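Working notes, beginning with the structure itself.
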Amino acid sequence: MSEQKNPEATQEVPKRTSAKKWTESARKVRGLVRDMYVRAFTEGKPVAWVMFTLVNELFVAMDVVPVYPENFAGLCATKRVGNPFIDRAEADGFSNVSCSYARIGLGYAALWKDMGEIPSFAPDGGMAKPIMMVGSSLVCDTRYKWFQTYSRYMDVPYYAFDMLGPPASTAYRPDVREQYIKYNLAQLQGLVSFMEERLGKKMDWDKLDEIVRRGEKTYVLWYDAYMLAGGAVPCPFPAEDSFNCFFPAFFMMGEVEALDFYQGLYDEIKYKVDNKMGSIPEEKYRLLWGGGLPPWHTMQIFNYVEEQGAVFVFQSTYLPLRFADVPDRITDPLERMVHSRYEAAISRAELDRKLGLFDLCNFVGLGNPLLFVDEFKVDGVVMHWLRSCRGTTIGQVYQKNLLEERTSIPTLFLESDMCDVRDYFEADWKVKLSAFLETLEARKRAGS
Amino acid sequence: MAKGLDWAKRLYENRSQRAKELREEGKKVIGYICAFPPRELITAAGLVPYRITGTLEPIAEADAYLETLMCPYVRSCLDLGIKKQYDFVDGMIWPHTCDNIQKTFDIWKHYVPHSYFHYLDVPHMPDPSSFEFFAKELDVLKGSLEEFGGVKITEECLKEAIGVHNENRALLRQLTGLRKQAPPLISATEMTQVMMAAMSIPVYESNEMLKNIIEEVSTRKDGPQNKATRLLIYGCEIDDIAFINLVEECGANVVIDDLCMGTRDYWKDVVMEGDPLKNLAHRILGEIMCPRTFRRSRGTRQQDLDNRFSYIRDFAKEFNVNGAILYIIRYCDTFEFDAPEVRDYLEEAGIRVLHLEDDYSLTSIQGYKTRIQAFLEMIE
Ligand code: SF4
Ligand code: SF4
Chain A
1 MSEQKNPEAT QEVPKRTSAK KWTESARKVR GLVRDMYVRA FTEGKPVAWV MFTLVNELFV
61 AMDVVPVYPE NFAGLCATKR VGNPFIDRAE ADGFSNVSCS YARIGLGYAA LWKDMGEIPS
121 FAPDGGMAKP IMMVGSSLVC DTRYKWFQTY SRYMDVPYYA FDMLGPPAST AYRPDVREQY
181 IKYNLAQLQG LVSFMEERLG KKMDWDKLDE IVRRGEKTYV LWYDAYMLAG GAVPCPFPAE
241 DSFNCFFPAF FMMGEVEALD FYQGLYDEIK YKVDNKMGSI PEEKYRLLWG GGLPPWHTMQ
301 IFNYVEEQGA VFVFQSTYLP LRFADVPDRI TDPLERMVHS RYEAAISRAE LDRKLGLFDL
361 CNFVGLGNPL LFVDEFKVDG VVMHWLRSCR GTTIGQVYQK NLLEERTSIP TLFLESDMCD
421 VRDYFEADWK VKLSAFLETL EARKRAGS
Chain B
449 MAKGLDWAKR LYENRSQRAK ELREEGKKVI GYICAFPPRE LITAAGLVPY RITGTLEPIA
509 EADAYLETLM CPYVRSCLDL GIKKQYDFVD GMIWPHTCDN IQKTFDIWKH YVPHSYFHYL
569 DVPHMPDPSS FEFFAKELDV LKGSLEEFGG VKITEECLKE AIGVHNENRA LLRQLTGLRK
629 QAPPLISATE MTQVMMAAMS IPVYESNEML KNIIEEVSTR KDGPQNKATR LLIYGCEIDD
689 IAFINLVEEC GANVVIDDLC MGTRDYWKDV VMEGDPLKNL AHRILGEIMC PRTFRRSRGT
749 RQQDLDNRFS YIRDFAKEFN VNGAILYIIR YCDTFEFDAP EVRDYLEEAG IRVLHLEDDY
809 SLTSIQGYKT RIQAFLEMIE
């Protein structure tokens, strides 16, 4: 990785950074995103700033509008307005390799405080003031550390909780399962108590139960839709659409709209698969986005490869969790939440383990490309090294090595950042991507 | 055989020597990374604990296995592992402390084979449920060490091991106490060598060495010179003298630290009365002041900051420092997030701060000379 930041990056703002949407469903997402920010201002309900942590159901049940700063950061990057926030956070001493979601989120709060009002260039009106913040250790350290620092700019009570998972090799031991489930449950109970205290009201457990069960159905639809799309030839739902369509699963889980959304997505994909409707006219190369967050600042790059006859048929970064059926004997909604997450994460880790891959439990991030290359008829794997995200970057080289050991499928590493456009060198990406497609072409000709 | 500081220096220069000798005598060596794994359990199982460290030399082979956009310290440790420099380590305890360590678990296991490998989960939260969970994790580790060592760790022998390790920590604190006076009786460069040596030999030998050093240092005439500035160094992993030596050469007495291989490792003891596993869990999760462990606060911002950082300010006062250097390893996320807060907190307490973000390499360290000199001139 070049230590050099791209000095031109923030000046040359292209007309369009986002990618063309291939599905009706993906086209609906922008409206849902806008709604999240607008509702926080207009509905008069309490607002919470939350890290994505698989607990959105709790906010829905408590009638709180959750706003997700990591989503806001991605939105800023897409609109190419993230860098003034990044500069502000760095001016306070935050490192230029700290998660750029965090730098944007912190810079936003800092500028708000400096100016006494929400910066006018904040997309969708910005993030409304919260009455509480919630983070978690799920996925990465940033997710509980970052919010601890918000108190520099706004003094809002903050709660963080653990959601841990054991290595796959021991996860099926009853004592280990019991130990983890007990702990994760206690941690969620702590969160509920915190919310009750902040809101001055008790959790409505019946309501939560209904929401959690709706969530379970939603998770299954999400998973089934994504997997159905991944295996389809031609590909009806390229990765850039899939990067859009995880929004309701991450940030609206438990809501009726989320369930409807995935039902719609499933139906749309099913229809396209049944009718062999692909997105690009001629699918010469099938690619897998095998790791790392996407470049939110330049999603259009996906169209660049499509112009050359290549399509990303799947992305394994935001891999849906398939919630195994939670036994009916578990009636407590919190327990249902903990069980479903544990079993889903573990069953995925177990797949990895059977292939002799990762033993580490990953709730999200780093779905192993080896699990998909055969099933989804993949010709090449592209991974994205992010300068500011350890959570989805560490392990990519290992995955590439395993791919090389066990398949003949080539891998390409691209480097930049999910939001900080100064880490992005477009000419370099285009050269690398074109050269990679040439390699695939040569391999095809050689009949491998 | 060398004595005192010389003993430490020789071990620092050839860290694995003693562990290798012991191995030839039939002992088994257990490596561990980070300050979190409980050495007490390793000792109680009759095994030799050995702290895995890196080197400031350029990383050669690890790049084929790990991304360059991550903690260079972990990459360097893996580099040594790949180069077979940890072949004398029979088993490894891998803690879930930070992302960089946790996410290297599978990779180390795959490419640096040891006959024993144990993943120790460490909660990030400080709640009663977290302590309970962690005590259970320690119990699981105990069982697995028993199996590997072919021994039973009785409560009695665990308590004995805890006692010996408490003594080790007490000796290190006593030695640290000798840095309070002006000039300090032991330099930070020497102290780094002592720490590195102490973590590469069995605790019984380490205690003997430390007693020896305390005796030597207390009456020495060749100690550090008095310099114009007394400094505190805050940060994560410093396992080499290069940086600290540079600071001392620039004209400061580094008299106290808050580092993973420094006071953070030995400032607090394990309580002796009661359940030893619970007590171990309490020390590690509750008392090791590392930003990777969340500290809850329901109070004001100031109360939160005091809860997290007042001990650093207290160190600064107790050791009478007039400046602090924050030495942060790039990509070490939890420290990266805390650093601006620590900087402001200390500056508010009247302590000037130099905040460095380093690549953990000899070349980068040498480049800091002018900045350190300028900082020292400013606070003198
Ligand atoms: S996973 Fe990466 S992008 Fe997400 S919060 Fe963690 S460091 Fe930031
Ligand atoms: S230096 Fe930081 S990131 Fe690296 S191992 Fe230590 S705590 Fe983890």
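Protein chains in written order, with our numbering: chain A, 1 to 448; chain B, 449 to 828. Built from N, CA and C at the ideal position, the CB exists for glycine as well. The model shown is predicted, which means the values in this text are computed figures rather than measured ones.
DSSP-derived helix/strand/coil call for residue i
i               : result
I827 of chain B : helix
S578 of chain B : helix
R778 of chain B : coil
S416 of chain A : strand
R499 of chain B : strand
P494 of chain A : Coverage of chain A is limited to positions 1 through 448, which leaves residue 494 of chain A absent and any answer about it impossible.
R143 of chain A : helix
T53 of chain A  : coil
M154 of chain A : coil
L188 of chain A : helix
I301 of chain A : helix
T677 of chain B : strand
I269 of chain A : helix
H803 of chain B : strand
H339 of chain A : helix
W222 of chain A : helix
W205 of chain A : helix
R463 of chain B : coil
F463 of chain A : In the structure as shown, chain A begins at 1 and stops at 448. Residue 463 of chain A is therefore absent and cannot be evaluated.
V97 of chain A  : coil
Y480 of chain B : strand
When the options are compared against residue i, the one with the closest alpha-carbon
i               : options                        : result
M163 of chain A : A:L191, A:Y318, A:G231         : A:L191
E696 of chain B : B:D535, B:N614, B:M639         : B:M639
I686 of chain B : B:F596, B:R617, B:K607, B:R778 : B:R778
I634 of chain B : B:L694, B:V703, B:G699         : B:V703
A446 of chain A : A:R422, A:K145, A:C419, A:S408 : A:S408
E196 of chain A : A:K79, A:I131, A:F243, A:E426  : A:I131
L208 of chain A : A:P333, A:M252, A:V47, A:R39   : A:P333
Q315 of chain A : A:D352, A:H339, A:V378         : A:V378
Q187 of chain A : B:C546, B:R458, B:M573         : B:M573
Y567 of chain B : B:E580, B:M644, B:E615, B:P486 : B:P486
G494 of chain B : B:L528, B:R621, B:G598         : B:G598
S464 of chain B : B:R761, B:V496, B:T677         : B:V496
D455 of chain A : A:Y144, A:E90, A:K129          : Outside the shown range of chain A, which is 1 to 448, sits residue 455 of chain A, and nothing can be said about it.
S347 of chain A : A:A168, A:C140, A:A427         : A:A168
T149 of chain A : A:A89, A:G290, A:Y172          : A:A89
E613 of chain B : B:A646, B:A636, B:E585, B:A583 : Residue identity check: residue 613 of chain B is His in the sequence provided, not Glu. When only C-alpha atoms are compared, the closest one is B:A646.
D241 of chain A : A:P14, A:N6, A:R30             : A:R30
I549 of chain B : B:I689, B:D670, B:F484         : B:F484
E469 of chain B : B:Q629, B:Q751, B:S648, B:F767 : B:S648
W49 of chain A  : A:K15, A:G126, A:D87           : A:G126
D454 of chain B : B:A822, B:N660, B:R499         : B:N660
Any 3 or more C-beta pairs closer than 8 Å across the region 753-768 of chain B and the region 783-792 of chain B: yes
Three CB pairs or more closer than 8 Å across the region 316-328 of chain A and the region 412-426 of chain A: no
Beta strand (DSSP E) segments (min. 3 residues) lying fully within the region 365-444 of chain A: 380-386, 411-416
Cβ pair count under 8 Å reaching 3, the region 185-199 of chain A against the region 45-64 of chain A: yes
Inside the region 505-560 of chain B only - beta strand (DSSP E) runs reaching at least 3 residues: 539-543
Three CB pairs or more closer than 8 Å across the region 101-108 of chain A and the region 72-84 of chain A: yes
contact_flag[the region 156-172 of chain A, the region 134-141 of chain A] where n(CB pairs < 8 Å) is 3 or more: yes
The region 257-270 of chain A touching the region 19-27 of chain A, judged by at least three CB pairs closer than 8 Å: yes
Continuous alpha helix (DSSP H) assignments of at least 4 residues falling wholly in the region 579-641 of chain B: 603-625
contact_flag[the region 238-256 of chain A, the region 43-58 of chain A] where n(CB pairs < 8 Å) is 3 or more: yes
Length at least 3, wholly inside the region 736-767 of chain B: the beta strand (DSSP E) runs in chain order: none
Whole runs of the alpha helix (DSSP H) within the region 650-726 of chain B, excluding any shorter than 4 residues: 651-666, 690-697, 711-714
Cβ contact (3+ pairs, closer than 8 Å) linking the region 92-100 of chain A and the region 788-799 of chain B: yes
Cβ pair count under 8 Å reaching 3, the region 515-523 of chain B against the region 109-124 of chain A: no
Given 8 Å, three or more beta-carbon pairs between the region 618-626 of chain B and the region 710-726 of chain B: yes
Three-pair Cβ contact test at 8 Å for the region 473-480 of chain B versus the region 495-511 of chain B: yes
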